[in-house]
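**Student:** Got a structure for you, written out below as structure tokens; questions coming shortly.
Protein chains in written order, with our numbering: chain A, 1 to 421; chain B, 1001 to 1421.
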């Protein structure tokens, strides 16, 4: 395809998505839930087609020498497909935020103003190789009345095509408007740029993937982009902390699932308890196989597993069993370190002092600031949102876990009886 | 200045604004209000300096042959400066949204989650020639705990420098952190691009000005941009409407202040009342000096002042006493016309039928959808927000009138007693 063919194909999808968005506004919650269950049924009904498509992706992946980890992320089987379909059904069971009255008031001139939740419109999802993003993103966006344009990675293109076709076909049988869920059917790289330029038809882009992908979208997009950047998450241990609680929370935050954005990456210890707490936590982390990188003062206290930290360690999201550790002289120094080196994602203080905890929570500029809890709780599921499309590191529109409510906008409905200015 | 000098000067301002933002978080509402009143006092105390600076701008404007309208927008005098200072004092009197608890809940594991309003951080304001934007934007952003970097047009540079210096000096005497209000002191065009690229230090850019300025920022910005685009606003008159009310609302929406974004630009009349209502409204608008551009069916009914409309008229924001008028066969056709040709700003239906009004309000995809009221009520002051920084045509973060609350973000504070996953 020439670049101009790609551009006109993308523009045409955009135009059709906008029409779908206007049609989606008219669906009731019950109609949407029926459609979601029909989508889930169709995913199961098309198991053999979907797994056959997936086999093509896997074959290509092996031929292209993709890593085992990549191939595993790509792989679908009966069990994984059943989980994917179940996740779509689960979205049907969640409460619908659309139509919710956020607030209302009456003006002295008698005008009654209501602020109500509405769909955003058309959402572009640009993602890498996990095929389940196709169904997760499409079902969450659909539940909130949005049309989606999906652009998946080339590695999963056959799986994605089969999954998107099942969603649209199953949905349409139950009343889904045409073009509500569109997958870009080709994998030319320039399709990302054409999507990112098309702000007349796409209201929001959510890139799901690594820093390179997000960076590419941010640098070209004309519409808002909600970013899910790194989590360089901290725990600060104040001198009055319950040290056993501190050790448990640190071990959990670092080790329970080290490869995710809400895992702990840097531990800050108040200097007054360094000599008592460092040996305890050093032993605990060494036993769990964690490599420590610490400032010179802590090194002799942490045991043999610890190495000296460099400046780069304070900004590094390891995503593995490595932890940087530093002493600080005060809660103020801890806050300053976190605001300077952190990624404004998730940070936690361990202390018995409510005043110090309040200061830390107030002054640390992060999406989620914990007190006496694991950083791993910054998660849509753990917050009770039922589902999440990601954890935003942005400050505009959505910050922290993004559930269904964060996939909506609002509008004002104003009722009068002839008011003029 | 070389481009690299400009870039490093802007980066340095960004770094200092970020430090100021961290300091601003620590101010109480009372401290902020005291600072705002000190800023207002200093504006009055520096009247002779500010008017002398303004005289330089006016002199340059005349030499450069700016239009009288432009020169009038630029001009300050004692009375206008007093109004500017009063507006800053008025912001002190508004309630502070920062710290407000938006919601809170407790999870089954005992974690208590609070969602609270916080400042956004650093806001960039890029504006054209009105010097009062300097003080309006800076005071609203400061009230909400944000640091600002202001970039005004070259026409008003001397006035802007004097106003920004008064804000910072007056504020600092009352405890304003250094660098909270920074004006870019030079007018090289590339400063806009350097600001727009600096997403590590600027969290949000709000361009205040014409389409060209907004377009330039949108096409280069890496951070979110809140746009205040055109208002192609509609009124639809349903057959059961109170026709006298309809005529009053139409005349008010079109004529009361035609040069603003919430003024009426297109009137849609149901075909069943065209022959009765068109002569009434045609006479009323002709008396008010409004030029009408209408579809062929309406032309003979509207009187001599009416001209044939072209396709272009349906998307035009006239901002003067011109109105496009069209018949439609149904409320559905009115909704489809508005969603296709409008700018999603403000639209109003005139009807006695609550069901039809609800359908119109539900399906028209605009920031504010009125029923039996003038489009001119889409305004922060008329909504009771006390002040507004503009009327957003975006759907993310802020839609419609933007008051103080829309200049805030939020974060989650999570309190536990040792919870781990």
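Where is the CB? At the ideal position from N, CA and C, for every residue including glycine.
1) Taking the alpha helix (DSSP H) that residue 300 of chain A belongs to, which residues open and close that run?
2) By how many angstroms is the C-alpha of residue 24 of chain A removed from the C-alpha of residue 176 of chain A?
3) CA-CA distance, residue 249 of chain A and residue 1420 of chain B?
4) Terminal residues of the continuous beta strand (DSSP E) containing residue 180 of chain A?
5) Going along the chain, which residues of the stretch 378-404 of chain A sit with their C-beta nearer than 9 Å to a C-beta in chain B?
6) Can you name the residues of chain B whose CB is closer than 9 Å to the CB of residue 254 of chain A?
7) Under the three-state reduction of DSSP, which class applies to residue 1409 of chain B: helix, strand or coil?
8) When you compare the CB of residue 1191 of chain B with every CB in chain A, is at least one pair closer than 8 Å?
9) So what does residue 1328 of chain B bridge to, in DSSP terms?
10) Quick one: what does DSSP say residue 145 of chain A is sitting in, helix, strand or coil?
11) What did DSSP end up calling residue 36 of chain A once you bin it into helix, strand or coil?
12) Is the shortest distance between the beta-carbon of residue 1413 of chain B and the beta-carbons of chain A less than 8 Å?
13) Taking Cβ to Cβ, would you say residue 435 of chain A is nearer than 8 Å to residue 331 of chain A?
14) Run through chain A and tell me which residues come within less than 7 Å of residue 1339 of chain B, C-beta to C-beta.
15) Only counting the same chain, and skipping five residues up and downstream in sequence, which positions put a Cβ closer than 6 Å to that of residue 303 of chain A?
16) So, is the C-beta of residue 1418 of chain B closer than 8 Å to a C-beta in chain E?
17) Going along the chain, which unbroken runs of the alpha helix (DSSP H) with 4 or more residues stay wholly within the stretch 1081-1142 of chain B?
18) Go through its chain and collect everything with a Cβ distance to residue 274 of chain A's Cβ below 8 Å, but skip five positions before and after it.
19) Tell me the DSSP bridge mates of residue 1242 of chain B?
20) If we ignore side chains and look at the alpha-carbon of each, how far apart do residue 1142 of chain B and residue 1034 of chain B end up?
21) One question on the structure: do residue 324 of chain A and residue 266 of chain A come within less than 8 Å of each other, judged by their Cβ atoms?
22) Measure the alpha-carbon distance for residue 46 of chain A versus residue 166 of chain A and round it to whole angstroms.
23) Count Cβ pairs between the stretch 48-64 of chain A and the stretch 108-120 of chain A that sit closer than 8 Å; are there 3 or more?
24) What are the residues of the stretch 1204-1233 of chain B that lie near chain A, defined by any Cβ-Cβ distance shorter than 7 Å?
25) Does DSSP classify residue 28 of chain A as helix, strand or coil?
26) Among A/377, A/262, A/404 and A/280, which has the Cα closest to the Cα of residue 91 of chain A?
27) Taking only the alpha-carbon atoms, compute the straight-line gap between residue 1219 of chain B and residue 1005 of chain B and give it to the nearest angstrom.
28) Measure from the alpha carbon of residue 140 of chain A to the alpha carbon of each residue in A/410, A/67 and A/39, then state which is nearest.
29) Should residue 1102 of chain B be labelled buried (16 or more other beta-carbon atoms within 10 Å of its own) or exposed?
30) Starting from residue 292 of chain A, trace the beta strand (DSSP E) in both directions and tell me its first and last residue.
31) Is it buried or exposed for residue 16 of chain A, if we count other Cβ within 10 angstroms and need 16 for buried?
32) If you run the structure through DSSP and keep just helix, strand and coil, what is residue 265 of chain A?
33) Which residues share a DSSP beta bridge with residue 1323 of chain B?
34) By alpha-carbon positions, which one of A/168, A/49 and A/190 ends up nearest to residue 154 of chain A?
35) Does the stretch 1194-1213 of chain B come close enough to the stretch 1114-1133 of chain B to have 3 or more Cβ pairs within less than 8 Å?
36) What's the C-alpha gap between residue 1406 of chain B and residue 1386 of chain B?
**Tutor:** With the structure as the only source:
1) 299-302
2) 8 Å
3) 6 Å
4) No beta strand (DSSP E) contains residue 180 of chain A, which DSSP labels as neither H nor E.
5) 378, 379, 382, 383, 384, 394, 395, 396, 397, 398, 399, 400 and 401
6) Neighbours of residue 254 of chain A on chain B: none; closest Cβ ~11 Å, over 9 Å.
7) strand
8) no
9) B/1270
10) coil
11) helix
12) yes
13) Limits of chain A in this structure are 1 at one end and 421 at the other, which puts residue 435 of chain A out of reach.
14) 22
15) 282 and 286
16) Given the protein chain composition of this structure (A and B), no chain E is represented.
17) none
18) 297, 298, 301 and 327
19) In the DSSP output, where bridge partners are listed per residue, residue 1242 of chain B has none listed.
20) 12 Å
21) yes
22) 7 Å
23) no
24) 1204, 1218, 1219, 1222 and 1224
25) coil
26) A/404
27) 23 Å
28) A/39
29) exposed
30) 291-294
31) buried
32) strand
33) B/1292
34) A/190
35) yes
36) 13 Å
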